[in-house]
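Enquirer:
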Amino acid sequence: MTTAAAALKRTPLYDIHRELGAKMVDFGGWEMPVEYSGIREEHRAVRERAGLFDVSHMGEFEVEGKGALAFLQKLTTNDVGKLAIGRVHYSAMLTPRGTFVDDLLVYRRGEDRYLLVVNAGNTPKDFAHAREIAKGYDVRLRDASDEYALLALQGPKAEEILAPMTEADLPAIPYYGFVEGTVSGARAIISRTGYTGEKGFELYVDPADAPRLFREILDAGRAIDLLPAGLGARDTLRLEAKMALYGHDIDDTVTPLEADLGWVVKMGKGDFEGREALARQKEQGLAKKLAGFELLDRGIARQGYATASASGAGVVTSGIPSPTLGKSIGLAYLPIADTAIGTEFTVDLRGRAARARVVETPFYKRERAS
Amino acid sequence: MKFPDDLHYSKSHEWVRIDGDVATVGITEHAQKELGEIVYLELPEVGHVFDSGQEFGTVESVKAVSELFTPVAGEVTEVNAQAVEDPAALNEDSYGDGWLIKLKLSTDDVSDLMDAAGYEKYVKEESEEH
Numbered sequence: 000m001t002t003a004a005a006a007l008k009r010t011p012l013y014d015i016h017r018e019l020g021a022k023m024v025d026f027g028g029w030e031m032p033v034e035y036s037g038i039r040e041e042h043r044a045v046r047e048r049a050g051l052f053d054v055s056h057m058g059e060f061e062v063e064g065k066g067a068l069a070f071l072q073k074l075t076t077n078d079v080g081k082l083a084i085g086r087v088h089y090s091a092m093l094t095p096r097g098t099f100v101d102d103l104l105v106y107r108r109g110e111d112r113y114l115l116v117v118n119a120g121n122t123p124k125d126f127a128h129a130r131e132i133a134k135g136y137d138v139r140l141r142d143a144s145d146e147y148a149l150l151a152l153q154g155p156k157a158e159e160i161l162a163p164m165t166e167a168d169l170p171a172i173p174y175y176g177f178v179e180g181t182v183s184g185a186r187a188i189i190s191r192t193g194y195t196g197e198k199g200f201e202l203y204v205d206p207a208d209a210p211r212l213f214r215e216i217l218d219a220g221r222a223i224d225l226l227p228a229g230l231g232a233r234d235t236l237r238l239e240a241k242m243a244l245y246g247h248d249i250d251d252t253v254t255p256l257e258a259d260l261g262w263v264v265k266m267g268k269g270d271f272e273g274r275e276a277l278a279r280q281k282e283q284g285l286a287k288k289l290a291g292f293e294l295l296d297r298g299i300a301r302q303g304y305a306t307a308s309a310s311g312a313g314v315v316t317s318g319i320p321s322p323t324l325g326k327s328i329g330l331a332y333l334p335i336a337d338t339a340i341g342t343e344f345t346v347d348l349r350g351r352a353a354r355a356r357v358v359e360t361p362f363y364k365r366e367r368a369s
Numbered sequence: 000m001k002f003p004d005d006l007h008y009s010k011s012h013e014w015v016r017i018d019g020d021v022a023t024v025g026i027t028e029h030a031q032k033e034l035g036e037i038v039y040l041e042l043p044e045v046g047h048v049f050d051s052g053q054e055f056g057t058v059e060s061v062k063a064v065s066e067l068f069t070p071v072a073g074e075v076t077e078v079n080a081q082a083v084e085d086p087a088a089l090n091e092d093s094y095g096d097g098w099l100i101k102l103k104l105s106t107d108d109v110s111d112l113m114d115a116a117g118y119e120k121y122v123k124e125e126s127e128e129h
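Note that the protein sequences, when read in sequence, are chains A and B.
Residue 257 in numbering that gives the first Met the number 0 sits at position 258 of the first sequence, and the numbers go up by one each step.
Residue 56 in numbering that gives the first Met the number 0 sits at position 57 of the second sequence, and the numbers go up by one each step.
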């Protein structure tokens, strides 16, 4: 609470959050709801029924032009050449050192039309980086963040709630696929994506339509006890699903290989920013790697806490009491030799050495894949 | 929000109830609201001696960890084991079942602490600054 409230940006849904009694916090320069009825209750709603999130703070860049594909192949690590129209993939933008500028989603909307979705707090930095790379490509790059509000409807009942509100054929949208249609008469990109490890949709809509849609979805979900959910539950949900969070598990000091995100890096696709550094790192071998762990002793291992394992020191990047598992879980960069499943180590919990064990991730996986 | 009249309050949002030479310490309703759902509590063992203003434990919500400070000096005579087991008590009844520790007072000087009206004003001023 050190930033003056006046300096914080607000989403089009700010008034609704206040009306719903949300506790607001500064997140990446945005005044965002962290919780409404309670983090664990909202978390359970998403796992068992559905939750509705405002994630309008996320940044959106529009990319168009004959050189769009070549530009994105250079800018990002995943293989955009394999991305079909109507599909989305997770990717990364790297520095020349191979470390993260940011992680992002890439949407292919047409032959030469793409939408990039980046982290709110990184938007200006990402745009500057992308603009630099765009020089020399036949491409128009535009920061359209102000033109998109983003609602995330997540949970096993999400489809049931959304279906009566749209003409779109929801069952036909594959995981990491999207259609451009309408929701309750408003234009929307309806995307089967999310940051919770649960089924659900993300809806990119005009900021002017966002408040009405948010209320209508809340109303439509009342029968199944849909809850508005804040960034607190978003964090516990994404961590159970082992989805990385920039500023915690990844940043410009670590590479995707160290972050256990090697699958978003397609070395065979040709040149991209950071490729040489990653090739070198592959050759030399990793010194550390991000590993999932559970605490064997009581407590919560939080970001920045030091770890001690057989081969040396490490650091916790995220840690929560997992509402679904009833255990204390987290992610930590550990010396590579100490990252095998079952390896025990200790975390310094403010002076107390708590025992921890490397476990399989994701910590939570929904029962049926779709 | 409640500010019981029979308690003394610290600027770090603990309350203390003095009963003879025994002081019961907890966190205020305002503090538990600010923290959100409390999921973990770490308290000292019986026999520990604290000066006033010393850290005696931690309280954690899903999002944050906060230190607890004793508003008064004394020796720990009792710890609320039930609250350690189920810290939701701090959210549900911060002035009752959610008490934290009892101290045998080494001095009954509470002149550094606020009364209910003073604390209510303090909380109001603090939230206006944000």
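For every residue, glycine included, the Cβ atom is placed at its ideal position computed from N, Cα and C.
1) Quick one: what does DSSP say B:W98 is sitting in, helix, strand or coil?
2) Helix, strand or coil for A:P334? Go by DSSP, reduced to three states.
3) Under a Cβ-count criterion, where at least 16 other Cβ atoms within 10 Å of its own Cβ denotes burial, should A:A4 be classed as buried or exposed?
4) Restricting to runs no shorter than 4 residues, where is the alpha helix (DSSP H) found entirely within the stretch 150-235 of chain A?
5) In chain order, what residues of the same chain lie with their CB nearer than 7 angstroms to the CB of A:R139, ignoring the 5 residues before and after it?
6) Using the beta-carbon of each residue, which ones in chain B are nearer than 9 angstroms to A:V381?
7) Please work out which residues of its chain come closer than 6 angstroms, Cβ to Cβ, to A:A353, disregarding the five sequence neighbours upstream and downstream, and give them in chain order.
8) Against chain B, which members of the stretch 16-28 of chain A pass a CB distance test of less than 9 angstroms?
9) Below 8 angstroms, can you find three or more Cβ-Cβ pairs linking the stretch 61-76 of chain B to the stretch 355-368 of chain A?
10) Hey, how far is the Cα of A:I223 from the Cα of A:I335?
11) Give the single residue among A:W262, A:D145, A:K198 and A:L236 whose Cα lies nearest to the Cα of A:A209.
12) Report the neighbours of B:E59 on chain A: residues whose CB is nearer than 9 angstroms to its CB, in chain order.
13) Mind checking whether A:G28 and A:L7 have CB atoms under 9 angstroms apart?
14) How many Å lie between A:F126 and A:R279 at the Cα?
15) Which of the residues in the stretch 181-194 of chain A, read from start to end, lie with their CB under 9 angstroms from any CB of chain B?
16) Taking the alpha carbon of A:E158 as the reference point, which residue from A:V253, A:Y174, A:Y147 and A:T254 has its own alpha carbon closest?
17) If you draw a straight line from the C-alpha of A:Y35 to the C-alpha of A:G135, how long is it?
18) Along chain B, in chain order, which residues have C-beta atoms closer than 7 angstroms to that of A:R211?
19) Under 7 angstroms Cβ to Cβ from A:R301, same chain only, skipping five residues before and after it: list those, please.
20) On the three-state DSSP scale, how would you describe B:E36?
21) Could you give the C-beta distance for A:T252 and A:L277, rounded to a whole number, given that I count them as a contact under 8 angstroms?
22) Short of 6 angstroms in beta carbon distance, which residues of its chain neighbour A:H16, apart from the five on each side in sequence? Order them along the chain.
Expert: The answer reads as follows:
1) coil
2) strand
3) Any reading at A:A4 must be qualified, since the residue scores a pLDDT of 48, below 50, and its modelled position is unreliable; the value itself is stated next. So A:A4 ends up on the exposed side.
4) 157-161 and 209-219
5) E63 and G64
6) Absent from the structure is residue 381 of chain A, since the part of chain A shown begins at 0 and ends at 369.
7) L294, D296, G298 and V346
8) K22 and V24
9) no
10) 45 angstroms
11) A:D145
12) G298, I299, R301 and P320
13) yes
14) 27 angstroms
15) none
16) A:Y174
17) 47 angstroms
18) Here the premise fails: no neighbours, minimum Cβ distance about 29 angstroms.
19) V315 and G318
20) coil
21) No, A:T252 and A:L277 are not in contact; Cβ-Cβ is about 15 angstroms, not under 8 angstroms.
22) P32
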